[in-house]
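Trainee:
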Amino acid sequence: MPSLISENFLKKSIFLMPALFLFWHTGADAIATVIAILFLFHSGNRKNWEWTRKPWVIAAFSLWVYAITISSPLAVYPEASFKISFLFIRFIIFGAALAYWILQDKTTKKWFEYGVVSVVVFIIIDCFIQAYFGKDLFGYTKISNRLSGPFTDLVPGIYVTKLIFIALASIFYTTKFSSLKIKNSLLLSSMVVATVFLLLTGERTALLNFLLGCAIVFTGFFIIYPKLRFWILSGCIAMIISAGIVAVSNPAMRKRSIISTYETIADWPNSPYGNITRSAIDIWMNTPETNIFSGVGLRNYREIINDPKNASIKNKFHLNLDRYYLHPHNFYIEWLVGAVYDYENN
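Numbering (my numbering) for the sequence shown: 7 to 352.
#1: Can you find the residues in the same chain that come closer than 8 Å, C-beta to C-beta, to F29, ignoring five residues on each side of it along the sequence?
#2: Assuming the contact rule is C-beta atoms closer than 8 Å, I74 and F92 should be a hit. Round their C-beta distance to whole Å, please.
#3: How is T270 classed by DSSP in three states: helix, strand or coil?
#4: For C220, I'd like the list of residues in its chain whose CB is within less than 7 Å of its CB, leaving aside the five on either flank, ordered along the chain.
#5: Is the number of C-beta pairs between the region 204-212 and the region 150-167 that are closer than 8 Å three or more?
#6: With DSSP collapsed to three states, give me the class of T58.
#7: For L169, collect the residues of the same chain with a Cβ closer than 6 Å to its Cβ; drop the 5 residues on either side in sequence, then sort them by chain order.
#8: At which residues does the alpha helix (DSSP H) containing A244 begin and terminate?
#9: Take every Cβ of the region 325-334, pair it with every Cβ of the region 304-313, and state whether three or more of those distances are shorter than 8 Å.
#10: Beta carbon of L194, beta carbon of G241: below 7 Å?
#11: Mapping DSSP to helix, strand and coil, what is G163?
#12: What is the rounded straight-line gap between the Cα of T293 and the Cα of T283?
#13: Using DSSP with H/G/I as helix, E/B as strand and the rest coil, what is G301?
#14: P275 to N326, Cα distance in whole Å?
#15: Excluding sequence positions up to five away, which residues of its chain have a Cβ less than 6 Å from the Cβ of F118?
#16: Using the C-alpha atoms, what's the distance from N321 back to M245?
#17: Using a Cβ-Cβ cut-off of 7 Å (strictly less than) and excluding sequence neighbours within five positions of S248, which residues of its own chain qualify?
#18: Got a sec? Which residues, its chain only, sit under 8 Å from W70 by beta carbon, not counting five neighbours each side?
#19: Going by CA-CA distance only, name the one from P79, L174, W237, V166 that's closest to L214.
#20: At what residues does the alpha helix (DSSP H) containing K89 begin and finish?
#21: Looking only at its chain, what residues have a beta carbon closer than 8 Å to the beta carbon of V358, apart from the 5 residues adjacent to it on each side?
#22: For P334, is the classification buried or exposed, using 16 other Cβ atoms within 10 angstroms of its Cβ as the cut-off for buried?
#23: Take I135 and list the residues in its own chain whose beta-carbon comes closer than 8 Å to its own, dropping the five residues that flank it on each side.
#24: Could you check how far apart the C-beta atoms of W57 and V63 are, in whole angstroms? I think they sit under 8 Å.
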């Protein structure tokens with residue numbers, strides 16, 4: 007396979023990937039798979055497999071082998087678990103390809119950053135348009151006073167939080183401004199805009215994740231850049247004031263994003279999030295076909311919780327009998343119930 011064609015393909019595709027994840031998941035998945043395969047060819051041609059010795063790669067491959075050889079055979083629905091476990095390998099290789107091949111090139115890395123920033127900015131602008139006019143650029147309307155943006159579901163906030171800190175890092179570190187204060191002002195202004203955006207979406211988990219990330223960034227900057235402490239504190243105050251203005255001017259948002267968030271945290275065990283998480287732990291501990299060391303199998307939570315014969319689980323945790331549940335809404339609980347190990351004995 008000609009090297010030039012491969013390089014050009016990678017540079018263009020890496021810029022498009024964030025947008026493809028937004029508009030065409032299948033296309034993004036296909037490109038990730040192709041890049042993983044090309045990386046294997048590249049490693050073979052160069053006889054350079056050094057990346058396989060990286061600690062995180064070894065850990066990821068070990069987890070993959072565990073999921074295939076132990077967790078899947080012991081799963082309640084082995085076929086569903088094995089399928090998702092087997093295909094997961096492409097993401098490990100794709101991640102290694104990004105880290106040790108594609109993003110080693112400065113031009114490609116810059117285009118990747120441009121792609122991330124462009125998608126984040128587009129989603130935020132689209133949601134602001136939807137919030138103000140009632141419809142976004144694609145004609146999607148708000149759902150129960152919440153924003154969907156360019157998506158068909160209420161997920162713009164959680165999608166942006168997955169990319170926002172890559173975008174913010176790009177704004178701070180790659181901007182052509184040499185003044186640290188100007189860079190910091192751009193960063194803080196972007197955080198203020200993102201805070202308002204997340205408040206308007208009504209996505210509580212996305213908002214809390216973003217605020218936690220901001221707290222980590224502020225703490226790091228406070229330690230590393232003493233000269234910026236005044237600006238950092240000013241940025242925190244600006245975020246609070248902006249949130250207050252939005253809350254006062256939008257009662258529905260205030261109830262959903264602020265009051266409801268507080269009530270959920272205060273009574274988390276009995277909240278929808280607490281109930282669905284407790285249902286996952288219950289399945290992990292009490293499913294007779296498996297044991298707590300192997301879990302019930304990857305993707306098996308959705309199979310078990312939605313099986314009509316297990317309606318008693320939904321009743322026990324006050325879950326909607328007619329709703330199809332995909333996951334426990336918690337990454338660590340997802341792996342606990344699906345595959346990994348006994349937290350109680352760890």
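Think of the CB as a built atom: it goes at the ideal place given N, C-alpha and C, for glycine as much as any other residue.
Mentor: Considering the structure as presented:
#1: If you number the sequence shown from 1, residue 29 lands on position 23. Excluding residues within five positions, the ones whose Cβ falls inside 8 Å are P156.
#2: Against the sequence shown, residue 74 aligns to sequence position 68. Against the sequence shown, residue 92 aligns to sequence position 86. Sure, about 6 Å apart at Cβ, within 8 Å.
#3: On the sequence shown, position 264 is the one that residue 270 refers to. If DSSP states are grouped into helix, strand and coil, T270 belongs with the helices.
#4: The count along the sequence shown starts at 1 and reaches residue 220 at position 214. So the list reads M197, once near-sequence residues are dropped.
#5: Yes: the two stretches touch, three or more of their Cβ pairs being nearer than 8 Å.
#6: As a first step, residue 58 must be located in the sequence shown, where it is residue number 52. The three-state reading of DSSP puts T58 in helix, counting H, G and I together.
#7: Along the sequence shown, read from residue 1 onward, the residue named residue 169 stands at position 163. Listed in chain order, the non-local C-beta contacts of L169 below 6 Å within the same chain comprise V122, V126, local neighbours out to five positions each way being set aside.
#8: By one-based count along the sequence shown, residue 244 stands at place 238. For A244, the uninterrupted alpha helix (DSSP H) segment begins and ends at 235-255.
#9: Yes, they touch.
#10: Indexing the sequence shown from 1 puts residue 194 at position 188. Indexing the sequence shown from 1 puts residue 241 at position 235. Taking C-beta atoms as the reference points, L194 and G241 count as a pair closer than 7 Å.
#11: Along the sequence shown, read from residue 1 onward, the residue named residue 163 stands at position 157. Of the three classes helix, strand and coil, the one that applies to G163 here is helix, per DSSP.
#12: By 1-based counting over the sequence shown, the position of residue 293 is 287. By 1-based counting over the sequence shown, the position of residue 283 is 277. Cα atoms of T293 and T283: separation of roughly 15 Å, rounded to the nearest angstrom.
#13: Here residue 301 corresponds to residue number 295 of the sequence shown, with the count starting at 1. Looking at G301 - three-state DSSP - the assignment turns out to be strand.
#14: For this step, residue 275 is matched to residue 269 along the sequence shown. For this step, residue 326 is matched to residue 320 along the sequence shown. For P275 and N326, the distance between alpha carbons rounds to 16 Å.
#15: In the sequence shown, counting from the first residue as 1, residue 118 sits at position 112. The beta carbon of F118 sits closer than 6 Å to the beta carbons of I20 from its chain, once the five residues preceding and following it are set aside; these are given in chain order.
#16: Here residue 245 corresponds to residue number 239 of the sequence shown, with the count starting at 1. Here residue 321 corresponds to residue number 315 of the sequence shown, with the count starting at 1. The straight-line gap from Cα to Cα measures roughly 41 Å.
#17: Start at 1 with the first residue of the sequence shown, and residue 248 comes out as number 242. If we look at S248 and ignore the five residues flanking it on each side, its Cβ neighbours are V198, T201, V202.
#18: Looking up residue 70 in the sequence shown gives position 64. Beyond the five residues adjoining it in sequence on each side, W70 comes within less than 8 Å, by CB distance, of S91, F94, I95, I98 in the same chain, given in chain order.
#19: By one-based count along the sequence shown, residue 214 stands at place 208. Here the closest residue by C-alpha is V166.
#20: Sequence index remark: in the sequence shown, residue 89 carries index 83 (1-based). 84-93 is the extent of the alpha helix (DSSP H) around K89.
#21: The question about residue 358 has no answer here: the residues shown for the chain are numbered 7 through 352.
#22: For the purposes of this step, residue 334 is taken as residue 328 along the sequence shown, with counting starting at 1. Flag for P334 reads buried.
#23: What you label residue 135 is simply residue 129 of the sequence shown in a count that begins at 1. Excluding sequence neighbours, I135 sits near K141, D142, L143.
#24: The sequence position of residue 57 within the sequence shown is 51, counting from 1. The sequence position of residue 63 within the sequence shown is 57, counting from 1. So it is a contact: roughly 6 Å between Cβ atoms.
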